Structure formats: structure tokens, C-alpha cells
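To start, the structure under review is shown below, and the notes come after it.
Protein chains: 2
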Amino acid sequence: MSRILVVEDDPAILRGLSDNLQAESYDVVTARDGETGYRLIREQQPDLVILDLMLPKLGGYEVCRKVREEGVSTPILMLTARGEESDRVLGLDLGADDYVTKPFSIRELLARVRALLRRAKPPQPLPDELRFADLVVDFKRYEARKGDTPLKLTRKEFGTLQLLAARAGEVVTRDELLNEVWDYHNYPTTRTVDNHIASLRAKIEENTAEPQHLLTVHGVGYRLVW
Amino acid sequence: MSRILVVEDDPAILRGLSDNLQAESYDVVTARDGETGYRLIREQQPDLVILDLMLPKLGGYEVCRKVREEGVSTPILMLTARGEESDRVLGLDLGADDYVTKPFSIRELLARVRALLRRAKPPQPLPDELRFADLVVDFKRYEARKGDTPLKLTRKEFGTLQLLAARAGEVVTRDELLNEVWDYHNYPTTRTVDNHIASLRAKIEENTAEPQHLLTVHGVGYRLVW
DNA sequence: CGTTTCGTGACATCGACGTGACATTTGTCG
DNA sequence: CGACAAATGTCACGTCGATGTCACGAAACG
Chain E
127 MSRILVVEDD PAILRGLSDN LQAESYDVVT ARDGETGYRL IREQQPDLVI LDLMLPKLGG
187 YEVCRKVREE GVSTPILMLT ARGEESDRVL GLDLGADDYV TKPFSIRELL ARVRALLRRA
247 KPPQPLPDEL RFADLVVDFK RYEARKGDTP LKLTRKEFGT LQLLAARAGE VVTRDELLNE
307 VWDYHNYPTT RTVDNHIASL RAKIEENTAE PQHLLTVHGV GYRLVW
Chain U
127 MSRILVVEDD PAILRGLSDN LQAESYDVVT ARDGETGYRL IREQQPDLVI LDLMLPKLGG
187 YEVCRKVREE GVSTPILMLT ARGEESDRVL GLDLGADDYV TKPFSIRELL ARVRALLRRA
247 KPPQPLPDEL RFADLVVDFK RYEARKGDTP LKLTRKEFGT LQLLAARAGE VVTRDELLNE
307 VWDYHNYPTT RTVDNHIASL RAKIEENTAE PQHLLTVHGV GYRLVW
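Taken in sequence, the protein lines are chains E and U.
Quick note: the first sequence uses our numbering, first residue 127, plus one each step.
Quick note: the second sequence uses our numbering, first residue 127, plus one each step.
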């Protein structure tokens, strides 16, 4: 389901939003100040951001402007106590997609969340299987074979391979892998990715010293070719 | 090039900043007190403001707040002797975009200036691939071929080529390349760019002594033609 | 309680990168 | 035309970050 980041300093409102969104079976991530919110937008790559205007450390306007300038296109729903037209205009100018003024009804907010998510681009579909050379991987059954010999792949290995396969040939960064394959409760270091790549190579490559399919792009990430 | 307004009352620091910025070929405008600075922001419409916190007549905070209230979105880099977190927070809340505490290294300040200017400009779309003559470059896959032979390009080489391709035929200055291809943590000299151009030529030109595509424009920069 | 999976750290290795020295070219001005 | 300075080309070297690899311990799981 979709991941939603809520950036709000008022604990009561944050709690209320979080509960209601979770009840709708969204993944909810929260931040209580602008700086954390800004960081989480990049780390978690949420599908939607609900952003309060008045925030400690870094205001909602600044967060909005900064992420937009960096080319992030995640929909942003602005939240504010002030209902003035000028705020609305400024917010939308800075790249917000919608605007709700406090106090708001939860029903209306959820409706707007759904609308924004519908508008957003659908997440990239992951393949059900992968076949090349003598390798067969079935992501639905969690089964893999190389030639006649069955391979034992772990969950992370399946996930890693699946994302790489979905973007066949393109470079996938370590951060992207962490965001897609790992959940946001544990967010290990990028070195962890290297290790899983290594164990994948040990299983699918003939010679790990000179991988033919699971290639490293120095300073960028990994790519899968065949 | 970009115009920068420096508002600083200490003559020594003002002079140092001004010289260094001019050496980087920025247009520099200066003010020694807050009132003048405030006026010049509106009159000169600089692309960036470097704003000291402690100023005669009108403090840096006030200048920042006032121009932001007027909807001016010019990036502001705050400068202060005090390094306390509270100052930083206040500054960012009031609409400053970045913050440097004295004493600061000129190189770091210049890097932040570049970063702010880069963010302020709308990012220009970069091509996904480049094809001419027998050359094929895929920037998503980080793959390149010249005829039948695969080319091994480094990250910087891909980036350099991509920016040149985005502005095909136009001259791109070394500074622009440094700003786009290099991140602001490293900001080498412009000579570094020459080196990467040289290695690119070695890979894509038939005869590096007489480049046909990656051309030098003496005293300006490089351009890519085909 | 044993097994599997996973995350982390240590270590070695490799590649990309920045820098400086020197050679060469270009532009400028006498 | 000729000399000089600045800009650029070229190369080699040292450094540092990125990556591969391994081993250990923790956590999850049955």
C-alpha cells in the first residue's frame, strides 16, 4: 500500500492523522520538525507527504520549496492553521499539490489523500519471474533454479533480484534498493546491500570475480543484464 | 553570470568575500548596513544574498524576515559569528536558505554559494541517451559503445557528456560543468574539468589532437557537436 | 535449541579522482 | 611579424573513497 509521511509538530493532530491513515491501511511515517521531515522525504521516498506549515527547525514552506527544487515530484498536501488566501497561493506556488486548513474534517482530508494518490504515478510493477541463460526465478513461489540445480535464495535476495529485474539493464542505486526491498523499520547501511549482492553473485554467477550479469557501476549502484 | 549581494559591516570580511566572489566571476554588489542591503535586494534583484547577522541600522534577521514577507524568494545565505543552534534555527525559520558561522573557510562558503545558485535555477532536463556517428551512450544504464566496442566511462565522464549533450552545440563553461556534475562537497579547480574532457576525448575521438565533436572554445568552455 | 537469515565491522583491493608539472596552443599587443 | 602571457593539452602520481570478501554475533524462526 502507499506510504505517507506526516510532518506535524502538534502531537494530538499527528496522532489523529496517523491513526486514521493507518486505519485506511496506509503505511505511515511521521516527523515532528521540518528538518526530520525533509530528511525522511529523501530517505523513505513516500508516495505522499502531509506537511504542516508551522514547524520547528525548518518551516513547511522551506521544506516544500527545497524538495521541489531537487526535482522530487511526490505529491504534497499542505496543512495550516491559517486560512488566508495568500498562504494558499504561496504554498501552491512553492509546489504543494493541495491545501487543507485547520480545523479540517478527517473525512475530507482522507478524500484529498486518495485523490492525490490516484493522480500520482502508479508504482512500477515488479515482475513475477525472471529467466535468462540457465537461470529461472519465480518470485511468486520464491523458487529459483540454475540449470537443473535448485537455488536457495533468501527473502532479501529475492527482493533485490526482483527490483533489479524490474529495471533490467538500468542502474539501481543502493538507496533505491534499501527503499524498495527493506522496510523502513530497519534501515541498514548501504554496505548491507553490497553483501547481499555478493551472496547473489555467489549463487548465480559462474565466476564472482568477473560477474557477467550482476554488474557494479562504480560510485552509482548495480545493474542486471543478460 | 550570477549577481550576488553581500551585506556585511566588517570591512575586512566584506573585502575578502567580495574579492573571492569576483574571482569566481560573480557580479558582486555590497552593502555595509541592513537598510542599504534591504534596499539593494529590491533594486538590484540579485540572484543570491549573503547576509551578515549583526548589522548597523537593521539586523540580518529583520532584513530576512521583511523581504520574505514581501514574497522575495531570492536565496539567502546567513553569516554570523555566533554558532549557536538557536540562531541557526531562527535564521532558517525566518526564511534563510543556508547558514555559515564565522570563521568560515572561503572554499566552503563558495561551495554553498554554488549550491544555492544551482538550486535556485530550475533544473534542466538531461537526456537519457546520446547518439551520433558510431557513438551510443545510455545514461540510465551507464553504458557506452563506439561502433562495436564497449566504452568504459567513469561517473564524471558520463555526467560531463550528459550535460554537454543536454546543451548540444552550445558552449558550456567549466564552472557550469563543475556545478552540475560535481556535488558541492567536492569542488575542484577548473583544471580538473580539462582532465576529464581529455579522457573523454581519448575515448570518443578518433584523433585527440584534432577533436571533431568535443570542441574547445578558448577562454570560454567546451561544446559538443556532431 | 539448532538453523537460517541478516546486519555490522575489519580488512584488503581497486578504481576514480584531484593535483601539479611540463608541453603546447592560442590570443594579445608591441 | 614576433614575443609574451594566459589558456589548454597531456601525463604521472598519490590519495581516498568505493567495493569485495570474510567472519562474527544478533535476531528470527521453527
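The beta carbon of each residue, even a glycine, is placed where N, CA and C say it ideally should be.
Since the model is a prediction, treat every value here as computed from it, not as a measurement.
Quick one: what's residue i bridged to in DSSP?
| i | result |
| --- | --- |
| U:Leu341 | U:Arg349 |
| E:Asp264 | E:Glu255, E:Glu269 |
| E:Arg129 | E:Asp153 |
Below 8 Å on the Cβ atoms is my guess for residue i versus residue j; work out the distance and round it to an integer in Å.
| i | j | result |
| --- | --- | --- |
| U:Thr236 | U:Asn305 | The sequence given here places Leu at residue 236 of chain U; Thr does not occur at that position. Wrong, their Cβ atoms sit about 11 Å apart, outside the cutoff. |
| U:Ala291 | U:Leu350 | 6 Å |
| E:Val307 | E:Thr286 | 5 Å |
| U:Leu131 | U:Pro172 | 4 Å |
| E:Ile167 | E:Val154 | Contact doesn't hold; Cβ gap of about 14 Å is too wide. |
| E:Leu178 | E:Pro201 | It should be pointed out that residue 178 of chain E corresponds to Asp in this sequence rather than to Leu. Not a contact, Cβ separation roughly 16 Å. |
| E:Lys272 | E:Leu261 | 5 Å |
| E:Glu188 | E:Gly163 | Contact doesn't hold; Cβ gap of about 10 Å is too wide. |
| E:Ser181 | E:Asp135 | Here residue 181 of chain E turns out to be Leu, not Ser, going by the sequence shown. Confirmed, Cβ separation roughly 6 Å. |
| U:Arg238 | U:Val226 | 6 Å |
| U:Arg281 | E:His344 | 7 Å |
| U:Leu279 | U:Lys329 | 7 Å |
| E:Leu243 | E:Ser128 | 5 Å |
Given the structure, does residue i come close to the ligand SAM, in the sense that its CB is under 7 Å from one of the ligand's heavy atoms?
| i | result |
| --- | --- |
| U:Ala270 | You won't find the ligand SAM in this model; it holds no ligand whatsoever. |
(request) May I ask you to list, following chain order, the residues of the region 272-289 of chain U that have a beta carbon less than 8 Å from some beta carbon of chain E? (result) Thr280, Arg281
(message) Three Cβ pairs or more, each shorter than 8 Å: is that satisfied between the region 315-334 of chain E and the region 139-148 of chain U?
(response) no
(message) Beta carbons nearer than 7 Å to chain E: which residues of the region 251-268 of chain U have them?
(response) Lys266, Arg267, Tyr268
(message) Report the start-end ranges of each alpha helix (DSSP H) in the region 145-175 of chain E that is 4 residues or longer and not cut off at the edges.
(response) 160-170
(message) Using a Cβ distance threshold of 8 Å, determine whether the region 281-297 of chain E contacts the region 256-267 of chain U, with at least three qualifying pairs required.
(response) yes
(message) As an exercise, report each continuous alpha helix (DSSP H) stretch of at least 4 residues that is fully enclosed by the region 270-308 of chain E, in chain order.
(response) 281-292, 300-307
(message) Beta carbons nearer than 9 Å to chain U: which residues of the region 292-306 of chain E have them?
(response) Arg293, Gly295, Glu296, Val297
(message) Could you check whether the region 146-155 of chain U touches the region 333-342 of chain E, counting it as contact only if at least three pairs of C-beta atoms, one from each stretch, sit closer than 8 Å?
(response) No, because fewer than three Cβ pairs between the region 146-155 of chain U and the region 333-342 of chain E fall closer than 8 Å, the two stretches do not touch.
(request) Give the residues from the region 331-345 of chain E that approach chain U closer than 8 Å (Cβ to any Cβ), ordered along the chain. (result) Val343, His344, Gly345
(request) Would you list, in chain order, the members of the region 156-170 of chain E that have their beta-carbon closer than 9 Å to a beta-carbon of chain U? (result) Gly160, Glu161
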